[in-house]
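A short worksheet on the structure shown next.
Protein chains in written order, with our numbering: chain A, 1 to 402; chain B, 403 to 723.
If you want it as C-alpha cells, here you go:
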C-alpha cells in the first residue's frame, strides 16, 4: 500500500500492494518498541496470552514487545524460552522478544543459565515483579551478563520497606488507611544498582522508574558515565495516587510501583526531557476480573495499558509538557538503544495526534480489562499498525468512539 | 459482568439523595453529624423505657458480617438492631464459605440474596465496605476496616463528649498512641475536626500517620507537654506486635513515655475526660486505676454505642416510627 499526504512525509510504501491510502492528518512513525510487558503465557492464560497480548500491542502501535519472565513456570530455562518463541512464531501479531529470568524460579538465589538463554534468544534478563534482593547475587548477575553483552533489568524495590504496602505512602494512603509504599523503597535499590554497575562496569537497566529520588540517582550516575538506562511507564507519567481515592479503593489503580504524586510526575517528565530516562515502556500487566474484584489490599498489582499507552503520553504532548518527537523517540529509538536493537524498517505506525476517542475496555484486544481509564476521553490515537509489512491493526474505518 | 471494581462511591461520589451507606465520617457534614447525635438522644429515651423496643426496622434484615473478631461492636450493633425490631443475622468469616475461599463480593451478594437490607461489615482490610457497597443493593455500615475508619465508634465518642461536656466545638482532644494503625483515631479526627474540636495525635513518630495533614489536627510527641491542657485524653490500645515489629523498643518504655498513668492523670484538668475505645491493655497504655477513675467515661462509651448504632441503622434503613 502507498500512503499519501502524510503530515510528516510525502509518501510511505508499506508492504507489496499498490493500493493507495489517503494519510491526511496522519503521522507515520516507526513501530513502537515496548521494553516491558507481561504476556502471561505460560501459566496465566486466563489473564492474557501471547496471541491476545500481541493483538493488544498491535492496537497500541507496538510492533516489538519484550515480555517479562514472571510466568508459570518462569522463563528460566531454554525449554520455556523456546516454548514462548514457538508460540509467538505461530500466534503473535507482532515481534516478541522474551526476557529471561535472572535467577532460577525468580527466587533470587541462583543465576539461570544466562549464556545459554542469551544464545537461545533471551533479549535481556529480569526477575521483574520481584527485586534481586541480594546485592551479591545482583553483582554476579551484572558481571556475568556483561560477558555476553546482555542487560540486566531490575525491578527496584526494597521489600523490607514495602511489606503489606498497597499504595504510595503519602497523604492519600494515610487518609484511606492503606499501608503505604515509601518512595525510598525504590530510591534505595536504584542507588544500589547504580553503585554495582559503577563498581563492575556492567550495564543495568532500571524498570519502571517512579520517584523523583531515583530520577536524580540515575541522572547523576549517567553524568559520571555509569552504564545505566531507565524506563518510565505511561501510568506513572499521567496518573497519581489520588486515583485510588477518587475511585474509592478502585483496585484498577493498584500497581507496582504505585501511582505517585504530581511532584514525582514532574520529575519523571524532566527525566525524559534531559535524557535521564531512555524509554517509555508500558509494563502492560493484564489481570482477570477475579484478580481485581476483591479487597484493595488483596488485589493483584498491574494495569492493562498497552492499548492506551500512546493516548496517555499524548496527554503530556497536548499539555505542552513533552514534545511530540521526543515521545516518539522514547517509544522507538530510545528503547532500541537500551537493549541494543535496531529499528525494523518494515514496521510502521500511522498515528493521528489529534483524534479523540473514548477508552472502552469492552473493545480491548487484551484479556485484561484492568484499567482506571475506562470511559476516559483521549486525544491521540493509533490508526494503523504495520508489522513486517503486514497490517496488524486498522482503526481507520472505525468511527471515533464517543 | 455484574462485578464492579471502580465505580465511585462514598466520599468519592457526590452524595445524591438520601445517604445510603455509612463508610466513614469524612463525607459527613457537621449538620449531618449533629443530626445523628440528636437522633441518638431520641434513641436513648427508648433505651430508658422498661420495654426497649421500637418498630423502626420491623421487617428489615440486618446482617452482622464480621471478618475480624469483635465483642463490643458486634454485640452493640446486634442489640441496636434488635431494639429497632430488625431481624438480625450474625455471620462471621470462621465456619462459613469464606473458609472455602468465597470472595467478599460473592459472600455479600449471597447475603443480599438471602434478604439482607443492611450489611454491617468489619474487615481487616481498608476499603472492604466500599467493595460491598458498590456491588450490592444493601445499605452498608462500616464497623471497622483495616486502619481506615470506624465511624460508629467515632460517633459514639463524639456523643459521649457532647453529653458530658455539653459541646464539641473548641474542645481539645488528645488521642494517644498508635494512631498510625488506628481506624478509631482516623474517624475521630474527621468527626471531631468537622465539629470544630482540635485533635492532637500524640505518640512516637513510628506510630503516628505523619504524612496526614488535616486542618484542626496536629502531632505531638511529648504527652507531658499537653496532658494539662486537654479536655479529653483517649489512649489507644497498643498491640504487642508493634514492639516485635520494631516500631517501639519495648512496652515498658512505651508506658513510661505515653502511658496514661495515675501520675499523669493527676496532672490533667479536673474536668477533663478519660476515654478508651477498648479493648484495653491495663498497665500498658492505661493504668487500671485510671480506667475506673471518676473522670473515666469508658463504660458510658459502651452504653452510648447502642444509641448511636440505633440512630445510624434508623437513619439509613428505618421506616417512620
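Positions of the beta carbon are idealized from the N, C-alpha and C atoms, including for glycine. Since the model is a prediction, treat every value here as computed from it, not as a measurement.
Residue 202/A: not part of any alpha helix (DSSP H); DSSP gives it neither H nor E. Per the coordinates, the alpha-carbon of residue 581/B lies some 19 Å from the alpha-carbon of residue 573/B. Fewer than three pairs of CB atoms, one per stretch, sit closer than 8 Å, so the region 300 to 309 of chain A makes no contact with the region 319 to 329 of chain A. Cβ neighbours of residue 205/A within its own chain (closer than 6 Å, five residues either side excluded): 151, 153, 229 and 338. When beta bridges are read from the DSSP output, residue 350/A appears opposite 28/A and 384/A. Nearest in C-alpha terms to residue 260/A, of all of 168/A, 282/A and 387/A, is 168/A. Counting only unbroken stretches of 3 or more residues, the beta strand (DSSP E) elements lying wholly within the region 312 to 359 of chain A are 348 to 358, in sequence order.
Pairing residue 286/A with residue 158/A, the inter-Cα distance amounts to about 24 Å. Leaving aside the five residues that flank residue 135/A on each side, the residues in its chain whose CB is nearer than 8 Å to its CB run, in chain order, 192 and 196. Within the same chain, and ignoring the five residues on either side of residue 236/A in sequence, the residues whose Cβ sits closer than 8 Å to its Cβ are 208, 209, 210, 257, 259, 260, 264, 265 and 268. For residue 530/B and residue 147/A, the gap between their C-alpha atoms comes out near 50 Å.
In terms of Cβ geometry, residue 348/A and residue 6/A do not form a close pair [threshold 8 Å]. If the five residues before and after residue 592/B are omitted, its C-beta is found closer than 6 Å to the C-beta atoms of 427 and 428, all from its own chain and listed in chain order. Between the region 609 to 618 of chain B and the region 435 to 454 of chain B, the count of Cβ pairs shorter than 8 Å is below three; the stretches do not touch. Under the three-state reduction of DSSP output, residue 70/A falls in the coil class, being neither helix nor strand.
Contact check for residue 111/A against residue 200/A fails: the beta carbons are separated by 8 Å or more. For residue 298/A, the C-beta contacts it makes with chain B under 7 Å involve 527, in order along the chain.
Contacts between residue 551/B and chain A, judged by CB atoms closer than 7 Å, involve 177 in chain order. The residues 352, 355 and 357, in chain order, have a CB closer than 6 Å to that of residue 381/A in the same chain once the five nearest residues on each side in sequence are set aside. In this structure, the alpha-carbon of residue 476/B lies about 35 Å from that of residue 669/B.
One finds 613, 614 and 615 in chain B with Cβ atoms closer than 8 Å to the Cβ of residue 171/A, taken in chain order.
Residue state for residue 132/A is assigned as coil, using DSSP reduced to three classes. Below 8 Å, enough C-beta pairs join the region 79 to 91 of chain A and the region 45 to 61 of chain A to call them touching: three or more. Its Cα nearest to that of residue 239/A, the residue 313/A stands out among 298/A, 131/A, 313/A and 188/A. Counting only runs of 4 or more residues that sit fully inside the region 573 to 603 of chain B, the alpha helix (DSSP H) segments are 585 to 596, in chain order. For residue 554/B, none of the residues of chain A pass the 8 Å Cβ criterion, the least Cβ distance being about 16 Å. Residue 618/B is a Cβ neighbour of residue 601/B, given a cutoff of 8 Å. For residue 230/A, there is no enclosing alpha helix (DSSP H); the enclosing beta strand (DSSP E) has its first and last residue at 228 to 232. Spatial neighbours of residue 365/A in its own chain (CB-CB distance under 7 Å, excluding positions within 5 residues in sequence) are listed in chain order as 52, 55, 56, 59 and 307.
Of the candidates 178/A, 227/A, 163/A and 164/A, 227/A places its Cα closest to the Cα of residue 190/A. Secondary structure note for residue 545/B: its beta strand (DSSP E) is the uninterrupted segment 541 to 547. DSSP, read as helix, strand or coil, puts residue 35/A in strand. For the options 241/A, 273/A, 368/A and 334/A, the alpha carbon positioned closest to that of residue 303/A is the one of 368/A.
With respect to the 8 Å criterion, residue 533/B and residue 567/B are not classified as neighbours on the basis of their beta carbons. Assignment of beta-bridge partners to residue 243/A by DSSP yields no partner. If you draw a straight line from the Cα of residue 496/B to the Cα of residue 470/B, it is about 9 Å long.
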